[in-house]
Structure formats: C-alpha cells, structure tokens
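*Asks:* In terms of the working numbering, the sequence shown has 656 at position 491, counting the first letter as 1, and numbering is strictly consecutive.
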Amino acid sequence: MVTSNKQTYPVSGMSCAACAVSVESTLKAINGVKDAGVNFATQSAWVELENGNITPEELQSTVRSIGYDLIIDTEDPQALQEEAQLKKYQEIKKRTIWSSILAVPVVAVGMLFTNIPYGEWVSMTLTTPILFYFGRNFFINAFRQAKHGMANMDTLVALSTGIAFTFSVFNTINPEFWISKGLEAHVYYEAAAVIIAFISLGKLLEERAKSNTSSAIKKLMGLQPKTVIVIIEDQETEIPIASVQTGYEILVRPGEKVPVDGKVKEGSSYIDESMITGEPIPVEKQKGGKVFAGTINQKGSFRFIAEKVGSDTLLAQIIKMVQEAQGSKAPVQKLVDKIAGIFVPVVMVISIITFAVWMIAGGNDAFTHALLTSITVLVIACPCALGLATPTAIMVGVGKGAENNILIKDAESLEIAHKVDAIILDKTGTITEGKPVVTDLVWTNHKIEKLYDILYTLESQSEHPLAEAVVSKLREGKTEKVQLTDFNSITGKGVSAKYDSTLYLIGNKRLLEDKNISLNKQMIQTANQWQTDAKTVVYFADENELLAVIAIADQVKPTSREAIKLLQNKGIEVYMLTGDNRETATAIAKQVGLSHFKSEVLPADKADFVKELQRKGHIVAMVGDGINDSHALAQADVSIAMGKGSDIAMDVAKMTLITSDLKSVPKALNLSGKIVDGIRQNLFWAFVYNLIGIPIAAGILYPVNGFLLDPMIAGAAMALSSVSVVSNSLRLKAAKI
Numbered sequence: 166m167v168t169s170n171k172q173t174y175p176v177s178g179m180s181c182a183a184c185a186v187s188v189e190s191t192l193k194a195i196n197g198v199k200d201a202g203v204n205f206a207t208q209s210a211w212v213e214l215e216n217g218n219i220t221p222e223e224l225q226s227t228v229r230s231i232g233y234d235l236i237i238d239t240e241d242p243q244a245l246q247e248e249a250q251l252k253k254y255q256e257i258k259k260r261t262i263w264s265s266i267l268a269v270p271v272v273a274v275g276m277l278f279t280n281i282p283y284g285e286w287v288s289m290t291l292t293t294p295i296l297f298y299f300g301r302n303f304f305i306n307a308f309r310q311a312k313h314g315m316a317n318m319d320t321l322v323a324l325s326t327g328i329a330f331t332f333s334v335f336n337t338i339n340p341e342f343w344i345s346k347g348l349e350a351h352v353y354y355e356a357a358a359v360i361i362a363f364i365s366l367g368k369l370l371e372e373r374a375k376s377n378t379s380s381a382i383k384k385l386m387g388l389q390p391k392t393v394i395v396i397i398e399d400q401e402t403e404i405p406i407a408s409v410q411t412g413y414e415i416l417v418r419p420g421e422k423v424p425v426d427g428k429v430k431e432g433s434s435y436i437d438e439s440m441i442t443g444e445p446i447p448v449e450k451q452k453g454g455k456v457f458a459g460t461i462n463q464k465g466s467f468r469f470i471a472e473k474v475g476s477d478t479l480l481a482q483i484i485k486m487v488q489e490a491q492g493s494k495a496p497v498q499k500l501v502d503k504i505a506g507i508f509v510p511v512v513m514v515i516s517i518i519t520f521a522v523w524m525i526a527g528g529n530d531a532f533t534h535a536l537l538t539s540i541t542v543l544v545i546a547c548p549c550a551l552g553l554a555t556p557t558a559i560m561v562g563v564g565k566g567a568e569n570n571i572l573i574k575d576a577e578s579l580e581i582a583h584k585v586d587a588i589i590l591d592k593t594g595t596i597t598e599g600k601p602v603v604t605d606l607v608w609t610n611h612k613i614e615k616l617y618d619i620l621y622t623l624e625s626q627s628e629h630p631l632a633e634a635v636v637s638k639l640r641e642g643k644t645e646k647v648q649l650t651d652f653n654s655i656t657g658k659g660v661s662a663k664y665d666s667t668l669y670l671i672g673n674k675r676l677l678e679d680k681n682i683s684l685n686k687q688m689i690q691t692a693n694q695w696q697t698d699a700k701t702v703v704y705f706a707d708e709n710e711l712l713a714v715i716a717i718a719d720q721v722k723p724t725s726r727e728a729i730k731l732l733q734n735k736g737i738e739v740y741m742l743t744g745d746n747r748e749t750a751t752a753i754a755k756q757v758g759l760s761h762f763k764s765e766v767l768p769a770d771k772a773d774f775v776k777e778l779q780r781k782g783h784i785v786a787m788v789g790d791g792i793n794d795s796h797a798l799a800q801a802d803v804s805i806a807m808g809k810g811s812d813i814a815m816d817v818a819k820m821t822l823i824t825s826d827l828k829s830v831p832k833a834l835n836l837s838g839k840i841v842d843g844i845r846q847n848l849f850w851a852f853v854y855n856l857i858g859i860p861i862a863a864g865i866l867y868p869v870n871g872f873l874l875d876p877m878i879a880g881a882a883m884a885l886s887s888v889s890v891v892s893n894s895l896r897l898k899a900a901k902i
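(1) Using the C-alpha atoms, what's the distance from I571 back to M820?
(2) If we count the other Cβ atoms within 10 Å of its Cβ and call it buried at 16 or more, is W695 buried or exposed?
(3) Under 8 Å between the Cβ atoms of Y621 and T604?
(4) Here's a check: name, in chain order, each residue in its chain whose Cβ is nearer than 6 Å to the Cβ of T402, leaving out the five neighbours to either side.
(5) Output needed for V841: all residues of its chain with C-beta closer than 7 Å, excluding positions within five of it in sequence on either side, in chain order.
(6) Taking all protein chains shown into account, decide if Q255 is buried (16 or more other Cβ within 10 angstroms of its Cβ) or exposed.
(7) Could you tell me if T378 is buried or exposed, where buried requires 16 or more neighbouring beta carbons within 10 angstroms of its beta carbon?
(8) Let me know if M276 comes out buried or exposed under the rule of 16 or more other beta-carbons within 10 Å of its beta-carbon.
(9) Does DSSP put Y174 in a helix, a strand or coil?
(10) Could you check what DSSP says for M179 in three-state terms: helix, strand or coil?
(11) Identify, in the order they occur along the chain, each residue of the same chain with its Cβ nearer than 8 Å to the Cβ of K730, setting aside the five sequence neighbours on each side.
(12) Determine, for V272, whether the minimum Cβ-Cβ distance to residues of chain B falls below 8 Å.
(13) Keeping to the same chain, check which residues put their C-beta closer than 6 Å to that of A358; ignore five residues upstream and five downstream.
(14) Is the region 512-527 touching the region 847-867, taking contact as three or more C-beta pairs under 8 Å?
(15) Quick one: what's got a C-beta closer than 6 Å to E444's C-beta in the same chain, skipping five residues either side?
(16) Between V785 and Q733, what straight-line distance do the alpha-carbon atoms span, to the nearest angstrom?
(17) Return helix, strand or coil for I878, following the three-state DSSP convention.
(18) Note down, in chain order, each residue of its chain lying with its Cβ closer than 7 Å to the Cβ of A801, except the 5 sequence neighbours on either side.
(19) Out of S365, T220, V585 and A546, which has the shortest C-alpha to C-alpha gap to R301?
(20) Over the uninterrupted beta strand (DSSP E) stretch that includes D802, give me the two end residues.
(21) Using the Cα positions of A799 and K615, report the straight-line distance between them to the nearest angstrom.
(22) Within this structure, are the beta carbons of L639 and V739 separated by less than 8 Å?
(23) Count the other CB atoms within 10 Å of the CB of V607; is the residue buried (16 or more) or exposed (fewer)?
(24) Which residues does DSSP list as the beta-bridge partners of Q400?
(25) Does DSSP put L416 in a helix, in a strand, or in coil?
(26) What separation, rounded to the nearest whole angstrom, lies between the Cα atoms of M560 and T337?
(27) Taking the continuous beta strand (DSSP E) assigned at D426, which residues delimit it?
(28) Mapping the DSSP letters down to three states, classify A201 as helix, strand or coil.
(29) Starting from I571, follow its DSSP beta bridges and name the residues at the other end.
(30) In chain order, what residues of the same chain lie with their CB nearer than 7 Å to the CB of D719, ignoring the 5 residues before and after it?
(31) Are K473 and V425 touching if we call contact CB-CB under 8 Å?
(32) For L479, count neighbouring Cβ atoms within 10 angstroms of its own Cβ and tell me buried if that reaches 16, exposed if not.
(33) Please state the DSSP three-state secondary structure of V702.
(34) Measuring CA to CA, which of P340, D665, F303 and A316 is closest to T326?
(35) Please classify W286: is it buried, with 16 or more other beta-carbons within 10 angstroms of its beta-carbon, or exposed?
(36) Got a sec? Which residues, its chain only, sit under 6 Å from A752 by beta carbon, not counting five neighbours each side?
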C-alpha cells in the first residue's frame, strides 16, 4: 500500500513520452523529493517525499513552470482530472476541425492550382491562424521546454512547421532573392498546415483511445451510489455519500447499491456480491452480517451501521489498487523512458546532419532538398508511439484483470508472471475452502427425527470449533432447539447433556470409551476410511449405544483440481505447502493430483522453500491467504493472495484474486503472456517505424529512385503510428484468458 509520504497526483498538459520524462526529472530534482515517477498513459505522477516540509502547492508550482500542471485538489482529484481531460479533448477536437478546414484550400493551392494569382498570399493568410492560433500550443510548450534546456515532441513540431512557414513567408514577400540566382521561390505552406492538422487529428484519436483503456476504473467507480439514506432520530434523510461518517445508520432498499462497508443492524436480504467474490449466487445477510460498498441489494430491505467509509471501503481499496497498477511501470518501460528522454535531442541532431549533408551533396536544389528533408525528419520522428507502447498495454491488462477478478498491484508482476515455472500453493483457504464442513453423517438408529433436534441443540451450546460445522449442516433441515439439562463440556473429548433424563454425548472416540459405549465393525471401518481421507470423525451417542458418526473436513474447492491440472499442462511445477499433518496433506494432494507437497511446514519454512526454488533458477509464484503466508509471498517473484484471506497477505501480494476460484491463477499467468506479447508488438512497431521512417525522411532513397518523402505524408504517418499502438493495446480487451 502507499505510505503516508507517497502521493499520486493527476498531471495535465502532457503530449508525449518525452513530456512525461520532463515532468518526472523536474519532480525528482526538487529538494526534499525522495523519488518520483510519471505515467504518460494514465496522465498521473506519484511523488515520495523525504519529509513533510514540501507542500503540494510547491510541487504544483514547479511543474507549472515547465508548462504542465499538477492537480492537487484533495477533495476529488479524479473528477477534476476527468473534467480537464474532457476539456482538453473538446479543445483538440475544435483545433483539429478548424485546422483541417483551413488546410484543405492551402493544399489545393499548393498542389493543384499552383499558378493562380496571389496563390502564395492566400496560402500564407490561411496558414497563419493554423500555426499560431490552432497550433499555438506546440510553440508555447516548445518555448517552455527550451527555457529549461529540455525538448519534447512539441519541439519537433514547432521547429519543423516554424522553419517551413518562415522560409515560405520569406519567399512570398521576396521571391526575387531566388529568381535573381536562377532558382524558383518555392513555398511550403501546405506542408506546415497539414502537419498541424494531421498531428492534431492523431492527438484527438489518441485521447479517445486512451480514455477507453481506463474503462475498468470508471466501471468500478460507477458501482458506488452518489447519495445515501441515513436514519437520524428515526427520520430518513438523503445525504451525499461524501458526507457519510463511521457509525451512521443507513437504510438500503430493494435494488439499491450498498454505499459503504458496514454491519447489518436490522432486517435481512440477499445481496449480489459478484463484483467482490465472483460468485453469482446472492448471499443472505442477517443481523450482524457484513456488507460491502458497491454490492447490490436484492428484494429485502435492511439497515446497517457504517464501519468503513470513503477511501477505507473495500471498493475504494480495489479502485486504488487498480489505479496504482495502471500507473506503475514495468521494467521495460523504465528503459523506454530513458530512450524517450534522449530521443528528441538525437532527432534534432539527425535533422541538422541531414540538412548539412544535403547542402554539401545536393546539387542544384541543395537548399530546397536540405530544408524539406530536415523538416520531414523532425516531423516523422515522434516518440509518442514509443512512450505509449508499454503503459497502454499495462492499463488494458490491469483493467482486463479486474474484470476477471484479478487485482494487479504493479506492472512488474504482470510482466514477470508469464515466466513462472514453479508455483507454491498454500493448502488451507487456497486449495481448500478454509473452513470445516460436515461431509458425511451416518445414523445407526432409523428413528432419528427427535435425535436431529437433540444433536442440533447439543452442538449449538458447544464451544468447540468443529461444532459450528455440525450446526450449519443441521440448520439446512427442519430442526429446532429442545430443552437440555446438565450440560457438561469435557475438555479434550466433547460435550454431554440430558434430554428427558437420557444422557447424550458428542465427541471423539475416547469419550465413548470412557462411557463403555462399543462400536460395531462396520462403523469402525467407516471411521477409519474417513480418517484416511483426512476427515475428522465425531461420534454421537446416548448412554447405551452409538447413534451417529459424523465426518468433518476442510473440503477441497470444486475447481482446485482443474486449476492445478491447467498449471501442470503449462509445464509449471506445482507444490503444496501446509502446516497440517502428513496424513491430511497426503490425502489432499491425492485428491487434487499433486505429487510435490510438504506437511507440518512453519511460516519461515515456506519462505525458505521459495528461496530454495529460486536458487535452482526457478521463477516462483506463491499463492496464499493467511498471515502465515506473508513472508513467503514477499519472497516470491510473483505473489498472489486469495481475496478472502487476511489483509496482511493481500497487502504483501502483488496480485489479489477477488474470487476464491483457484482457476484465476492460470488466468493471471495467461493474462501476463498476452500483455507481454502486446508490449513486444507495440515496441517492435514503434522502433521499426522510426528505424525505417527517419532514413526515408532524410532522403536515403533519393539516390536510388529519386524519392523524397513529403512532410505532409510524414505528419500523417506520425499520427497513425500512435493510434496504431493504442489500438493494438485495446485489441487485448477482447483476448481470451
């Protein structure tokens, strides 16, 4: 979880990966900032402070000085960011539409009607507002970057269009300068105008695509109602959810969403908790039952007391975890960030070299070719695709995981998970349900109607941990409590009580032996078989004879065997570690098809076993649910917590399965493989695009076939490269895991 001195803030104004690098390096340079990171795709920054002396306002002021903004509103920064993004989208949309409308006649004059009177003056008049009004942000941001000795994509766009426009204006006003030298006074207004239009279009499509990648967050946020009905002095009052405090009594009507976490005070209902557990069957809630924000009430009505509100609710924690994961960086992204940081200056140097080479070896049209090729190099070499390649895939992956009940805390685990070749599973609560249930109940007496009630009442009064399993089983039938007398708890053996002067007993075999109650051969065989199957045997008798034998066990989850088989089919070695005895461990391992297991294992032993596998060269995943698993989870390369487990296990783990279904583990590994494939595809095309595009833009094909890339086409190619990378990432939404 995020510590108190680490805060995340939305960032506005970033247009490319190099912008993110600029903001990140600026934040890191602030005295008192321990570390910082910026994610271009999520438009967010996290800052870890060495002490509390730096205020958010100081951070914001520093970021603003280089042309960006940090949203520091603590009330609802997410809403402010959404508002800012919507405003930005509308602004880009307006700029794109108008720059495109004005660019059309400029292109027509420059390409089709080159000899019309005053054509250059018309083009100059129309291009001026395209560059300096609708495209003014490129120049403003480039200037702010230059003041701090930095450069980004805006620098490339401003330089290329600015040089083309300046050269064209000179030739429009003073064409005689070139005519007197026997050369034609070319103008390139159409190149400057179309570059702005195309890049604006690319940004518009990019903004729309990026908003789709965070749809998982929006869906999660939509689970919480905006208002809530509280009971104040027996009066129903509707208040905003932000005003709810711990201890408030809240009314939930049929069909409504539970607003915050709490405990039922009055009434009962069935609640759809599938968004938390993944289980489709509604859960019954009665007095004392826990309810969670975002879950949906069915037909009943109830009141509950708010226990966790605001950022403390389970839903808020899930949202926070997804946001942090979408904003975290995979190891490969850190390398890409470094490349993006030096990419723009390198491109500017290549542009200058291109200009120089053409001036030296360009022949009669040396200057014209030198100018066009250097401008085209600046236009085509955009680092946007490179910067979007990893974070967009990570964002889609984290969202896809959330939809499949897999919460991913950081991108590193998502990148590593597909490499896992050894998985360690805890037994209790991971492979098994984690709570004892009655699996078998065999009666020796056919007249059992009243005996059901006696057994039910006897176990209801028992404090033994296994008694609850028997009570739950009998509660399924039509049982009712009867009046018992002389109730007695016998330490280490069981309990006894009288009904109508007859003594009844329930407990272990030793209790029956003390009372000289014999077992028949068939019952002994049945009990022995149950014990072989890792079940605990409980005996119910009266003072004369055995009445029933009950088997209690922590049952294997229905999908555990299938999940383990799926992992083994992937070539992964699967191990089970448990603190239980060898007999139980052997029985469970046999049930689920495991040959590798260890019993009577202490928490420290689990972590040591992880280290042992790592020393052998394995990439190890640990799956657990308890505090005793936290050490091993922290040690593992990939740590996965079961969502119904302890808070500490979920805090340590890099992934959390909201559902109790173990089949989510192979799903998580498959998701990792899909995302890594997507990242590789994105990076391949981003790098290949620049490796091919820059030499062609520089004119490498000219000596071969006389081809020079038009700056307008370069602008279109640059815009499409970013859109293609984001689109490829969005394709992962439909992938099956």
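Quick reminder that beta carbons are idealized off the backbone N, C-alpha and C, glycines included.
*Replies:* Well, looking at it:
(1) 7 Å
(2) Its Cβ being crowded by 16 or more others within 10 Å, W695 is buried.
(3) No, the Cβ-Cβ distance between Y621 and T604 is not below 8 Å.
(4) So the list reads V395, once near-sequence residues are dropped.
(5) E580 and H583
(6) exposed
(7) At T378, the pLDDT of 47 sits below 50, so the modelled position is not reliable and the matter cannot be decided from this model.
(8) exposed
(9) Strand.
(10) coil
(11) G758
(12) The structure shown contains no chain B; it holds only a single protein chain.
(13) A268, V271, T292 and I295
(14) yes
(15) Note that E444 scores a pLDDT of 45, beneath 50, so its modelled location is shaky and nothing firm can be said.
(16) 14 Å
(17) Of the three classes helix, strand and coil, the one that applies to I878 here is helix, per DSSP.
(18) The residues are V775, V785, A786 and M787.
(19) S365
(20) That residue, D802, is in no beta strand (DSSP E); it is neither H nor E in DSSP.
(21) Those two C-alpha atoms are separated by around 53 Å.
(22) no
(23) V607 should be labelled exposed.
(24) I397, per the DSSP bridge assignment.
(25) DSSP, read as helix, strand or coil, puts L416 in strand.
(26) 49 Å
(27) D426 to G432
(28) strand
(29) L822
(30) Correct list, in chain order: T593, T597, E598, G599, K600 and P601.
(31) Yes.
(32) Around the C-beta of L479, 16 or more other C-beta atoms lie within 10 Å, and the residue is accordingly described as buried.
(33) strand
(34) With distances taken between Cα atoms, T326 lies closest to F303.
(35) exposed
(36) D698 and A699
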